[in-house]
Amino acid sequence: MDMKIISALMLSAAIGTAPKAMAVESVAASPVSIAAQANTPAQPIDLTVAADKAINSVVYIKVSSTAPQENVQYFNPFEDFFGDFFGQGTPRQQQPRQAPKRSGAGSGVILTSDGYIVTNNHVVKDADEILVKLNDNREYKGRIIGQDKDTDLALIKIEAKNLQPITVGSSEKLKIGEWVLAIGNPYG
31 MDMKIISALM LSAAIGTAPK AMAVESVAAS PVSIAAQANT PAQPIDLTVA ADKAINSVVY
91 IKVSSTAPQE NVQYFNPFED FFGDFFGQGT PRQQQPRQAP KRSGAGSGVI LTSDGYIVTN
151 NHVVKDADEI LVKLNDNREY KGRIIGQDKD TDLALIKIEA KNLQPITVGS SEKLKIGEWV
211 LAIGNPYG
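218 is the number that the numbering used here gives the last residue of the sequence shown; the numbers go up by one with no jumps.
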């Protein structure tokens, strides 16, 4: 082939592709839109900082209660039959039944350094005894200060000082779609 023809073909190929190469370069140099950034793979959210900050404010709560005691009338059909048959009818006796102990567990968070703790109302409802265990394994008896069944919240108090209260945020500052974190330790 003639060298002039090859040179002409190469020159026309270079001229024909130049605008396309420049267009790609200009698109690549433009800033990336926010929408494009939102579609990039998300990094996992690291919750360890929040957990480390809250761990000494989370408590384990163990409760025990006595089920309502019922008086059960003792009935023995053989005693009634034979007692009546031999003329020795016996009055039926009330037999007190041993009320079973119930136990439950849950978690709560320390609100104040002097021992006020918030928990779920269903955890402490009808509790005869409340045992609160801190992260450092210290244990205290708790007492109910207040309960609200509608919100399922309860306030209990332990006699302790210098506790680490949880940092409480404001729901008014939350935005739809924002991450929140619930922390608890119902298994001790």
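Each residue gets a CB set at the ideal place from its N, CA and C atoms; glycine is no exception.
For the alpha helix (DSSP H) holding residue i, just list the boundary residues, first then last.
| i | result |
| --- | --- |
| Asp-82 | 78-84 |
Since residue i contacts residue j with CB under 8 Å, what's their CB separation in whole angstroms?
| i | j | result |
| --- | --- | --- |
| Ser-143 | Leu-185 | Not really, about 15 Å apart at Cβ, beyond 8 Å. |
| Gly-145 | Ala-190 | 5 Å |
| Ile-91 | Val-162 | 6 Å |
| Lys-139 | Val-88 | Here the sequence assigns Val to residue 139, which means Lys is not the residue at that position. With 8 Å as the limit, Val-139 and Val-88 qualify as a contact, their Cβ atoms being about 6 Å apart. |
| Ala-81 | Ile-175 | At roughly 27 Å, the Cβ-Cβ gap does not stay under 8 Å, so Ala-81 and Ile-175 are not in contact. |
Taking the Cβ atom as the reference point for each residue, do residue i and residue j lie within a distance shorter than 8 Å?
| i | j | result |
| --- | --- | --- |
| Gly-172 | Ile-196 | no |
| Asn-151 | Leu-183 | yes |
| Trp-209 | Ile-85 | no |
| Ser-200 | Ala-157 | no |
| Leu-77 | Leu-211 | yes |
Got a sec, what are the start and stop residues for the beta strand (DSSP E) residue i sits in?
| i | result |
| --- | --- |
| Val-162 | 159-163 |
| Ser-137 | 131-140 |
| Ile-75 | Looking at the DSSP string, Ile-75 is not in any beta strand (DSSP E), and its letter there is neither H nor E. |
For residue i, which beta-bridge partners are listed by DSSP?
| i | result |
| --- | --- |
| Gly-199 | According to DSSP, Gly-199 bridges with nothing at all. |
| Leu-185 | Val-148, Gly-176 |
| Ile-91 | Gly-136, Val-162 |
| Tyr-170 | Val-162 |
Would you say residue i touches the ligand HEM, meaning its beta carbon is less than 7 Å from a heavy atom?
| i | result |
| --- | --- |
| Pro-130 | The ligand HEM is not among the ligands present in this structure, which contains no ligands whatsoever. |
For residue i, would you say it is in contact with chain D, using Cβ-to-Cβ distances shorter than 8 Å as the test?
| i | result |
| --- | --- |
| Thr-149 | Absent from the structure: chain D. Only one protein chain is present. |
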